[in-house]
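Visitor: So in full-length UniProt numbering the end of the sequence shown lands on 467, straight run, no missing numbers. The C-beta atom is built at its ideal place from N, Cα and C for all residues, glycine as well. Below is one structure. I have some questions about it.
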Amino acid sequence: MEDWQQCLAPECQTALLLARDTVARHGGYVITAEDFLLALLDAIPAITPFLVRQGVDLDELVRTIQGEQPVVAEVHNDGQLSSQLVYWLSRAREVTPAAWLEWPQLLKVLARDCERLQDRAYVAVLELVQRWPNEPIPAVPADAESVRPIMTDLPWQQLAEDVSVMLATSPNVLAWVHGPAGLGKTSWLQLLTNTPGLEAVMVNARSENDIRACQDRLLICQGAASQQSWPTLILDHTSPSDLLVLLVRTGSALADLLVQWRGPVLLASREQATDRRALRRIARLLGRDVQDYPAPSVSTAQHFAIVLAHQPAIEKRWGIHLSAEALEEAVAGAARHGLTPGSLLQWLKRAAARLDLFARRGSVEGLALSAQQKSLQSQSLLAMAREGDWPPVEPGIKGLEASLAKVDRVWERRYQAGTLRCLQTSDLLAEWPQLSLAEPTSPVHYVGHHEQPQGESTGAGPGNLHS
1 MEDWQQCLAP
11 ECQTALLLAR
21 DTVARHGGYV
31 ITAEDFLLAL
41 LDAIPAITPF
51 LVRQGVDLDE
61 LVRTIQGEQP
71 VVAEVHNDGQ
81 LSSQLVYWLS
91 RAREVTPAAW
101 LEWPQLLKVL
111 ARDCERLQDR
121 AYVAVLELVQ
131 RWPNEPIPAV
141 PADAESVRPI
151 MTDLPWQQLA
161 EDVSVMLATS
171 PNVLAWVHGP
181 AGLGKTSWLQ
191 LLTNTPGLEA
201 VMVNARSEND
211 IRACQDRLLI
221 CQGAASQQSW
231 PTLILDHTSP
241 SDLLVLLVRT
251 GSALADLLVQ
261 WRGPVLLASR
271 EQATDRRALR
281 RIARLLGRDV
291 QDYPAPSVST
301 AQHFAIVLAH
311 QPAIEKRWGI
321 HLSAEALEEA
331 VAGAARHGLT
341 PGSLLQWLKR
351 AAARLDLFAR
361 RGSVEGLALS
371 AQQKSLQSQS
381 LLAMAREGDW
391 PPVEPGIKGL
401 EASLAKVDRV
411 WERRYQAGTL
421 RCLQTSDLLA
431 EWPQLSLAEP
441 TSPVHYVGHH
451 EQPQGESTGA
461 GPGNLHS
């Protein structure tokens with residue numbers, strides 16, 4: 001027994017001693033796997049709330065354990081541990097590289113890796129747990145447009161270094177990185193989390209599943225040695241005002257998490273009018289120091305690097321080619337109109353999606369003319385069938401046919417020239433009015449061209465997708 005105790009974490013050693021005393025009080029001598037499992041539930045307070053969050057019925061678990069709990073009064077091996085318990089501990093020792101066996105490793109091995117105990121009813125109950133605290137949170141699979149973050153600007157790299165140093169040396173800090181929507185804060189967070197030596201946990205503050213998973217991570221941090229540093233808790237897309245609303249909710253799991261979290265906390269969001277006051281209030285509620293980091297602006301070189309990085313994904317998704325002239329115009333337009341990288345990419349994507357539709361079905365003018373032509377043809381057939389006094393429709397049909405042929409020639413010319421699926425500068429400029437009207441409240445799209453008519457911008461003109 002003493003040899004196995006040396007392999008257990010302190011709290012698990014306490015549970016083993018508790019199991020020994022409980023067995024002795026009941027007149028037994030050998031500690032079984034069921035005795036140790038019940039002792040773990042009694043001795044370690046963190047296990048019960050974790051299992052409840054994972055959907056385990058505690059009453060059912062205890063009943064199944066007690067139903068298979070024998071009282072062994074004779075020694076059948078060299079110590080006080082039953083053969084089943086020795087098997088369980090040895091399997092945990094084999095598959096766990098850590099020096100000490102923590103309770104998550106013990107329960108996980110019992111549920112997944114102990115073949116000789118798979119017929120036990122309580123093992124079936126433990127198999128309901130989908131993820132144990134010592135397992136990494138599954139990464140979100142990358143989609144077709146996921147692009148490795150590109151940061152060519154020195155101020156952004158310097159910001160990542162400054163923040164990483166602050167997080168590594170200030171566990172009690174509440175830091176906030178803020179800037180306009182679409183500036184690149186989320187991509188910058190990916191750069192930050194790749195900093196050597198920086199351990200971070202990114203949580204969606206509005207997702208109960210994310211918060212519960214982080215609470216499970218909290219159990220491991222609390223059980224670790226005091227000299228070990230806690231990871232940084234990152235809340236992306238969460239402003240101080242948003243966080244304050246989430247914290248004051250009744251029974252807020254996020255509030256419980258932040259109160260117990262002893263590592264640094266980092267927020268990243270756009271800035272709102274009430275954020276600074278909310279940040280000070282949160283700092284007082286949590287007893288944390290505040291650090292405020294405004295995000296730098298984005299240079300033309302950074303814009304161009306971002307566009308080049310996303311070009312393959314855009315071309316693949318819509319089956320088009322982005323011409324070099326269109327890319328240069330997009331970057332120049334971003335500088336003229338004060339676009340963020342996110343807005344710039346949105347501009348390119350909208351133009352690409354519209355060009356794809358044009359290549360597939362022709363222009364919207366052609367669709368409208370074709371529908372009008374079919375309507376007049378139906379009207380003409382109805383008049384002939386009823387021999388009624390209907391106004392002549394043949395002139396209208398011929399006029400529509402001429403207009404439709406003119407519109408179709410535009411599609412045909414681009415097809416013959418090989419530019420049907422090549423995004424040109426004219427296609428991009430034609431999309432600008434639609435982009436600016438789609439987000440009229442965003443401050444990053446305009447620089448003050450108030451004299452321009454609605455739907456046009458300086459240097460772009462009305463544009464023509466089909467020219």
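Under DSSP, the alpha helix (DSSP H) around serine 166 begins and ends at which residues?
Guide: Per the sequence shown, the amino acid found at residue 166 is methionine instead of serine. Unbroken alpha helix (DSSP H) run through methionine 166: 154-169.
Visitor: Could you tell me the alpha carbon to alpha carbon distance between glutamine 373 and arginine 360, rounded to whole angstroms?
Guide: Straight-line Cα distance between these residues: approximately 20 Å.
Visitor: For serine 239, which three-state DSSP category applies?
Guide: coil
Visitor: For a test of the three-state rule: what should DSSP assign to serine 467, helix, strand or coil?
Guide: Below a pLDDT of 50, predicted positions are generally treated as unreliable, and serine 467, at 35, falls in that range; no measurement from the model is reported.
Visitor: Leaving out the 5 sequence neighbours to the left and right, which residues in its chain are closer than 6 Å to alanine 283 when beta-carbon positions are compared?
Guide: Leu174, Val290
Visitor: Between the C-alpha atoms of leucine 381 and lysine 398, what's the straight-line distance to the nearest angstrom?
Guide: 15 Å
Visitor: Compute the beta-carbon to beta-carbon distance between glutamine 54 and glutamine 130, rounded to the nearest angstrom, for a pair I have assumed lies under 8 Å.
Guide: With 8 Å as the limit, glutamine 54 and glutamine 130 qualify as a contact, their Cβ atoms being about 7 Å apart.
Visitor: Kindly indicate which residue of Ala332, Val245, Gly263 has the alpha-carbon position closest to the one of alanine 255.
Guide: With distances taken between Cα atoms, alanine 255 lies closest to Val245.
Visitor: Suppose you measure from the CA of leucine 376 to the CA of valine 364; what does that come to, to the nearest Å?
Guide: 19 Å
Visitor: Output yes or no for whether 8 Å exceeds the beta carbon distance between alanine 334 and leucine 344.
Guide: yes
Visitor: Considering only residues of the same chain and omitting the five flanking positions on each side of glutamate 11, which have a CB-CB separation below 6 Å?
Guide: Counting only Cβ-Cβ distances below 6 Å, and skipping sequence neighbours, we find Ile44.
Visitor: Identify whether tryptophan 230 lies in helix, strand or coil by the three-state DSSP scheme.
Guide: coil
Visitor: Apart from the five residues on each side of it in sequence, which residues of its chain come closer than 8 Å, Cβ to Cβ, to alanine 160?
Guide: Within the same chain, Met151, Trp188, Leu191, Leu192, Thr195 come within 8 Å of alanine 160 by CB-CB distance, once the 5 residues on both sides are set aside.
Visitor: Which two residues bound the contiguous alpha helix (DSSP H) that contains leucine 61?
Guide: 58-67
Visitor: Buried or exposed: where does leucine 154 fall if 16 or more other Cβ atoms within 10 Å of its Cβ makes it buried?
Guide: exposed
Visitor: Glutamine 215 by DSSP, collapsed to three states: which one?
Guide: In the structure shown, glutamine 215 sits in a helix (DSSP, three-state: H, G or I).
Visitor: Taking the alpha-carbon of aspartate 119 as reference, which of Pro97, Ile65, Thr169 has the nearest alpha-carbon?
Guide: Ile65
Visitor: Please state whether the Cβ-Cβ distance between alanine 33 and serine 82 is less than 8 Å.
Guide: Taking C-beta atoms as the reference points, alanine 33 and serine 82 count as a pair closer than 8 Å.
Visitor: Using only the alpha-carbon positions, how far apart do leucine 327 and histidine 321 sit?
Guide: 11 Å
Visitor: Between which two residues does the beta strand (DSSP E) containing alanine 9 stretch?
Guide: Where alanine 9 is concerned, there is no enclosing beta strand (DSSP E), given that its DSSP letter is neither H nor E.
Visitor: I need the straight-line Cα distance from alanine 301 to leucine 58, nearest angstrom please.
Guide: 59 Å
Visitor: Using the Cα positions of alanine 73 and glutamine 215, report the straight-line distance between them to the nearest angstrom.
Guide: Low confidence applies here, because alanine 73 scores a pLDDT of 47, under 50, leaving its location unreliable; read the following figure in that light. Going by the C-alpha atoms only, they are around 41 Å apart.
Visitor: Quick check on aspartate 143: buried or exposed, where buried means 16 or more other Cβ atoms within 10 Å of its Cβ?
Guide: With a pLDDT of only 44 at aspartate 143, under the threshold of 50, the placement of this residue in the model should not be trusted, and no figure is reported.
Visitor: Where DSSP assigns a beta bridge to tyrosine 293, which residues make up the other side?
Guide: Val177
Visitor: Please list, in chain order, all residues of the same chain as aspartate 292 whose beta carbon is under 6 Å from its beta carbon, the five residues on each side excluded.
Guide: Trp176
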